[in-house]
Ligand SMILES: Nc1nc2c(ncn2[C@@H]2O[C@H](COP(=O)(O)OP(=O)(O)OP(=O)(O)O)[C@@H](O)[C@H]2O)c(=O)[nH]1
Ligand SMILES: [Mg+2]
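As structure tokens, this is what we get:
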């Protein structure tokens, strides 16, 4: 069996930049993963539905708008509602350490990758967690 | 977490999108249980109309798929979309971006979109795609759209056997039409010049129409129409829809539908046999006589064609026992 790691990278909320998330997408692709990109400005409901249709192992959330404390818990809540809580959730973008800690501790996020993260750290993290 | 085949089967029939999605993943991974579920689902297939969308990279296939799906949804039909993008042969990874152009379909529970990497390595793309088409068909989708880049042989193979194959091109680069000529002029049932808002659209239309005039007679006397669209604005999409409907009606009225279906079944079967036989042959070469055969080839005692015949004889003999 040839199992491949599938990742859905998404941009919830209103921010209009996807350079960062696309760089991560390319790194994951180059590491042999299948990366599906959502495009900008998606509602949480639609993102969760898309992640379910694509049956991904990983949901990667990129947020630069500052709305992470509202949007990320909403997304993980929806995943639980849909019975998809086994999906690994990671997030990146501009998320202060204090918020990051809360998201990981209380909202089911596996790991937050702050600005300046080396893409190889994300690759290694996913490869390790999905072994 | 594993799902029992019977359980998955029932959930798919009940319209559980998560179950359908999981089953598709199992198909992509070559999971044996998937075959069991597909066997159970088979009696529920054969209802969907399958539309292939192929053509040069960036010609607007995904944008068109989105518009088409919207049109069919407005007419009360349910839609499945399968987007196949190339997998890198070097890393095995893929960046699947077709959903970006289909955002307007998000939020409609009657549209199911799935992105697939062509994976290549196992050579089983057409088999996997057919399986996914069958899943969406059994899942109750009235229309299944399959998008592939019309670049490689395999990608063309997939859409060739769709009920209605649409070949998408765009004005601009002069060799566009040349590219179409190489192999996909023959397979199109409907031709689309998208980005008709761009300069040169009229010429592309005219060139295409001229090339089609000299195309060897299509099956069942179908003369493929050429439709101009501006997918971004939705212009011409209703005409494309009508062309697809007309082609579908033509298939039924001319009796071509049965022939198309037979072609599709044959291609599907040959694809599966290809995989099965090469797997069996691969195994045979790892043991006793097969290993010996390879050794004799290396010693130049037997040529490869004769050796292959020996292997086929061996497999047939074994299958007979
Ligand atoms: N001007 C113009 N641009 C269009 C039209 N339709 C699509 N586009 C743009 O063309 C680009 C490619 O569109 P897609 O729908 O992604 O094309 P595609 O054929 O699916 O591309 P690949 O899947 O990458 O091969 C996008 O930027 C679209 O917005 C159109 O009718 N006119
Ligand atoms: Mg596309």
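Chains as they are written, first to last, in this note's numbering: chain A, 657 to 787; chain B, 10 to 330.
C-beta: ideal position from N, C-alpha, C; glycine also.
What's the C-alpha gap between residue 776 of chain A and residue 126 of chain B? 22 Å
Alpha carbons only, please: which of B:199, B:104, B:144 is nearest the one belonging to residue 43 of chain B? B:144
Buried versus exposed call for residue 107 of chain B [16 or more other C-beta atoms within 10 Å across all chains shown]: buried
Cut-off 8 Å between Cβ atoms - residues of its own chain near residue 683 of chain A, not counting five sequence neighbours on either side: 775, 776, 778, 779
Looking at the secondary structure, which residues open and close the beta strand (DSSP E) in which residue 664 of chain A lies? 662-666
Closer than 6 Å to ligand 1: residues, by C-beta to nearest heavy atom, in chain order: B:66, B:67, B:68, B:69, B:70, B:71, B:72, B:107, B:110, B:158, B:203, B:204, B:206, B:207, B:239, B:240, B:241
Alpha carbon to alpha carbon, how far is residue 202 of chain B from residue 180 of chain B? Give it in angstroms, no decimals. 7 Å
Does ligand 2 have a heavy atom nearer than 7 Å to the CB of residue 666 of chain A? no
I'd like to confirm something about residue 92 of chain B: is its beta-carbon nearer than 7 Å to some heavy atom of ligand 2, or not? yes
Looking at the C-beta of residue 203 of chain B, does it have a partner C-beta in chain A at a distance below 8 Å? no
At least one CB of chain B closer than 8 Å to the CB of residue 702 of chain A: is that the case? yes
Closer than 9 Å at the beta carbon, the chain A residues around residue 115 of chain B: 694, 698, 699, 701, 702, 703, 705, 706
Residues near residue 272 of chain B by beta carbon distance below 7 Å, same chain, minus five either side: 170
If we define contact as Cβ-Cβ less than 8 Å, is residue 87 of chain B a contact residue for chain A? no
Using beta-carbon positions only, say whether residue 138 of chain B and residue 91 of chain B come within less than 8 Å of one another. yes
At a Cβ cut of 9 Å, what residues of the stretch 727-759 of chain A count as close to chain B, listed as they run along the chain? 738, 739, 740, 742
Could you tell me which residues DSSP puts in a beta bridge with residue 767 of chain A? A:746
Spatial distance of residue 205 of chain B from residue 236 of chain B (CA atoms): 10 Å
Between the stretch 770-786 of chain A and chain B, which residues of the former have a C-beta closer than 7 Å to a C-beta of the latter? none
In the DSSP assignment, find the unbroken alpha helix (DSSP H) run with residue 324 of chain B in it and report its ends. 313-329
Pull up the DSSP beta-bridge partners for residue 206 of chain B, would you. None; residue 206 of chain B has no bridge partner.
What residue ranges within the stretch 59-95 of chain B form continuous beta strand (DSSP E) runs of no fewer than 3 residues, ordered along the chain? 88-94
Along the chain, where does the beta strand (DSSP E) that runs through residue 716 of chain A open and close? 714-719
Suppose the cutoff is 7 Å on Cβ atoms and the five residues either side in sequence are ignored; what does the same chain contact list for residue 64 of chain B look like? 70, 159, 176, 177, 178
First and last residue of the uninterrupted alpha helix (DSSP H) at residue 781 of chain A: 775-785
Near ligand 2: residue 701 of chain A beta-carbon under 7 Å from a heavy atom: no
Could you tell me which residues DSSP pairs with residue 103 of chain B in its beta bridges? A:690
Give the interface partners of residue 122 of chain B over in chain A, defined as CB-CB distance under 9 Å, in chain order. 706, 709, 710
Tell whether a beta-carbon distance below 8 Å holds between residue 747 of chain A and residue 708 of chain A. no
Partners in chain A for residue 67 of chain B, counting only beta-carbon separations shorter than 9 Å: Residues of chain A passing the Cβ test: none, with the nearest at roughly 16 Å.
Report the rounded CA-to-CA distance for residue 301 of chain B versus residue 134 of chain B, giving the unit in angstroms. 32 Å
Can you tell which of A:719, A:713, A:691 has its C-alpha closest to the C-alpha of residue 670 of chain A? A:719
Using a Cβ-Cβ cut-off of 8 Å, state whether residue 34 of chain B counts as contacting chain A. yes
Residue 239 of chain B in three-state terms, based on DSSP: strand
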